[in-house]
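Peer 1:
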DNA sequence: TCATTATGAATTGCATGCAATCTCTTGTGG
DNA sequence: CCACAAGAGATTGCATGCAATTCATAATGA
């Protein structure tokens, strides 16, 4: 049970106060909230998601909800079987093997584009985030590290100034992020990741587009290796446990 | 005036990967058919698309239609304004400037992956398509050339064996394809494009992944230049005309 | 004449209802 | 005891209805 799972319900929105974002329609709001629920892991992969449950949870009727389900299915977060309802898409090793190279290509492109457009100030901001991230690394604070890490990649993506690219990136990132609960970085991996980030920052500061692209691509490749090993190790020990949700750590 | 009301029996196999079941639901079928209508240019960019019209056209009620509209909007083919209905998304020069680099990155990745997996037989098939395309080039048969061209890129994408990548690629390709009506290739550009395709085939046959990636990326970049020049030339002569009707000349 | 407003029609957003399909339990025969 | 079938209950797919918003057109006033 989460905090205030109900939308405004029947009470018609009076545009005063309560709405932070200018989200005008119910289905758009539902898409956003359901996506969060899935990406944040509250709705575990493989879970069946009956319309009725969600309708009650959000206090809406089935029509806008179903519209939202269709959108999320087209994003790959849900699987929709005709007459059989929606299930949260599972994330198999095969899926990750597909997703990471694409992420790598998109991030590499973002890096290239960013090199051509980024301002000194933006670089300074990223540098600040970077060293804060390094601090969390030295303190072994994984959740905070993840948050900063994600933030840095997000900044580079923004600096690329290509909304289409950013949209695709975020879509993939949302799918992949669900895997972070199951990826246990070894000490060595973590150190290497930080080193790579150091190189990313350096290439970005020098506006060395080809190098940044190469590093980012490799960075994603390594990330995949980490996740894959971790996943395979878990498969060996606890085969069915991925159905249950590990603790919320990030 | 419902054209072809038997939507259900269609069984389109556009499925990349996991969709084994034939399309049985109305909204899925509607998504596919509406997408075709938009991509093929039958629904011109900027056109308002009232639900009522589409309902009559397809002989369905508003519920499944609206579900389809939401999905197409999330793909970027439609723009949905709250309480104001759907319009076919316009394709501005700025949009193309965003789309082509992403396409380039995705195709480059596809080329790389394909080099690692493609069979001799698949290469032979692509070679056959290539030379048929060249034939159409020598005969100056643009529509047929386009078709074969598209087919070749599609084959490379398939050979990459990455359904996620393919899905993103097709989504972008659908959006970009609508621009082909307005892109007039000069003789020199066309020749160069064919040369590039020659190089693509060569790199693929040698499984030279880095080179293929480089060529594909450049190929897309050149394509963008072509479209851009053509578009700017048209902007010069008929500044506002693209708002009303793009010429149907495929 | 032009700008502004008022009013009715059309369109959208959402809720609800009904038929078709699926699921799960119970019962029957081998 | 197991396999299979039948039926009730639940769930999905789609159509329709109603309220709210937008759009179009006419009317009013400066």
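Residue numbers (the numbering used here), protein chains in the order written: chain A, 1 to 250; chain B, 1 to 250. Cβ atoms here follow ideal geometry from the backbone N, Cα and C, with glycine treated the same way. Quantities reported herein were computed from a predicted structural model and do not represent experimental measurements.
(1) Please report whether the beta-carbon of residue 64 of chain B lies at a distance below 7 Å from any beta-carbon of chain A.
(2) Give, in chain order, every unbroken run of the beta strand (DSSP E) that is at least 3 residues long and sits entirely within the stretch 34 to 101 of chain A.
(3) Counting only runs of 3+ residues fully inside the stretch 134 to 188 of chain A, write out the beta strand (DSSP E) ranges in chain order.
(4) Going by Cα to Cα distance, which pick from A/202, A/34, A/104, A/144 is closest to residue 120 of chain A?
(5) Can you list, in chain order, the residues of its chain with a C-beta nearer than 7 Å to that of residue 68 of chain B? Leave out the 5 residues immediately preceding and following it.
(6) Just checking my contact of residue 298 of chain B with residue 219 of chain B at CB under 8 Å: how many whole Å lie between their CB atoms?
(7) Is any beta-carbon of chain B found at less than 7 Å from that of residue 158 of chain A?
(8) Could you tell me the alpha carbon to alpha carbon distance between residue 153 of chain B and residue 105 of chain B, rounded to whole angstroms?
(9) Considering only residues of the same chain and omitting the five flanking positions on each side of residue 66 of chain A, which have a CB-CB separation below 8 Å?
(10) Measuring alpha carbon to alpha carbon, tell me which residue in B/126, B/55, B/87, B/100 is nearest residue 221 of chain B.
(11) Does any residue of chain B bring its CB to less than 7 Å from the CB of residue 94 of chain A?
(12) Spell out whether any CB of chain B is found under 7 Å from the CB atom of residue 222 of chain A.
(13) Inspect the beta-carbon positions of residue 89 of chain B and residue 72 of chain B and report whether they are closer than 7 Å.
(14) In whole angstroms, what separates the C-alpha of residue 138 of chain A from that of residue 133 of chain B?
(15) Let me check understanding here. Comparing Cα to Cα, which of A/205, A/229, A/41, A/172 lies closest to residue 261 of chain A?
(16) Please confirm whether residue 48 of chain B and residue 87 of chain B have their CB atoms less than 7 Å apart.
(17) Here's the rule I'm using: 16 or more other beta-carbon atoms within 10 Å means buried, otherwise exposed. How should residue 83 of chain B be labelled?
(18) Using alpha carbons as the reference points, say which of B/54, B/168, B/113 lies closest to residue 85 of chain B.
(19) Three-state secondary structure (DSSP) at residue 25 of chain A?
(20) Can you pull the chain A residues whose beta carbon is under 7 Å from the beta carbon of residue 106 of chain B, in chain order?
(21) Which term fits residue 187 of chain A, buried or exposed, when burial requires 16 or more other beta carbons within 10 angstroms of its beta carbon?
(22) Using beta carbons (cut-off 7 Å, strictly below), is residue 217 of chain B in contact with chain A?
(23) Name, please, each residue of chain A whose Cβ falls closer than 7 Å to the Cβ of residue 82 of chain B.
(24) Using alpha carbons as the reference points, say which of B/116, B/143, B/171 lies closest to residue 159 of chain B.
(25) Please identify, using Cβ separations under 7 Å, the residues of the stretch 160 to 176 of chain B that lie next to chain A, in order along the chain.
(26) Could one say the Cβ of residue 32 of chain B lies closer than 7 Å to chain A's Cβ atoms, at least one of them?
(27) According to the neighbour-count rule (16 or more other Cβ atoms, all chains shown, within 10 Å of its Cβ), is residue 21 of chain A buried or exposed?
(28) Rank B/118, B/102, B/193 by C-alpha distance to the C-alpha of residue 146 of chain B and give the top, closest one.
(29) Can the beta-carbon of residue 81 of chain B be found closer than 7 Å to that of residue 102 of chain A?
(30) Which of the three DSSP states is assigned to residue 202 of chain B in this structure?
Peer 2: Reading off the structure:
(1) Taking Cβ atoms only, chain A never reaches closer than 7 Å to residue 64 of chain B, which makes this a no.
(2) With a minimum length of 3 residues, the continuous beta strand (DSSP E) runs that stay inside the stretch 34 to 101 of chain A are 78 to 81, 85 to 88.
(3) Whole beta strand (DSSP E) segments, 3+ residues: zero.
(4) Nearest of A/202, A/34, A/104, A/144 to residue 120 of chain A, Cα basis: A/202.
(5) Around residue 68 of chain B: 27, 30, 31, 34.
(6) Look at the range of chain B in this structure, 1 to 250, and you will see that residue 298 of chain B is not part of it.
(7) By this cut-off, residue 158 of chain A is not an interface position.
(8) Rounded to whole angstroms, the separation of the alpha carbons of residue 105 of chain B and residue 153 of chain B is 13 Å.
(9) For residue 66 of chain A, where only same-chain residues beyond five positions count, the Cβ hits under 8 Å are 51.
(10) Restricting attention to B/126, B/55, B/87, B/100, the CA atom closest to the CA of residue 221 of chain B is found in B/100.
(11) No, residue 94 of chain A does not count as interfacial toward chain B.
(12) Not flagged as an interface residue toward chain B: residue 222 of chain A, since no C-beta distance is shorter than 7 Å.
(13) Not in contact: residue 89 of chain B and residue 72 of chain B (Cβ atoms no closer than 7 Å).
(14) Whole-angstrom Cα-Cα distance: 58 Å.
(15) Outside the shown range of chain A, which is 1 to 250, sits residue 261 of chain A, and nothing can be said about it.
(16) A contact, by the Cβ cut-off of 7 Å.
(17) That one is exposed.
(18) Closest by alpha carbon: B/54.
(19) Here DSSP, grouped into helix, strand and coil, assigns residue 25 of chain A to coil.
(20) Those within 7 Å of residue 106 of chain B in chain A are 105.
(21) Around the beta carbon of residue 187 of chain A, fewer than 16 other beta carbons lie within 10 angstroms, which makes this residue exposed.
(22) For residue 217 of chain B, the closest Cβ of chain A is not nearer than 7 Å.
(23) Against residue 82 of chain B, the close residues of chain A are 24, 25, in the order they occur along the chain (beta-carbon pairs closer than 7 Å).
(24) If we check each option's Cα against that of residue 159 of chain B, B/116 comes out closest.
(25) Of all residues in the stretch 160 to 176 of chain B, 162, 163, 164, 165, 168 have a Cβ within less than 7 Å of some Cβ in chain A.
(26) The C-beta of residue 32 of chain B comes no closer than 7 Å to any C-beta of chain A.
(27) Below a pLDDT of 50, predicted positions are generally treated as unreliable, and residue 21 of chain A, at 38, falls in that range; no measurement from the model is reported.
(28) Ranked by how close their Cα comes to the Cα of residue 146 of chain B, the residues B/118, B/102, B/193 have B/193 in first place.
(29) In this structure, residue 102 of chain A does not lie closer than 7 Å to residue 81 of chain B by Cβ.
(30) In this structure, residue 202 of chain B counts as helix in the three-state DSSP scheme.
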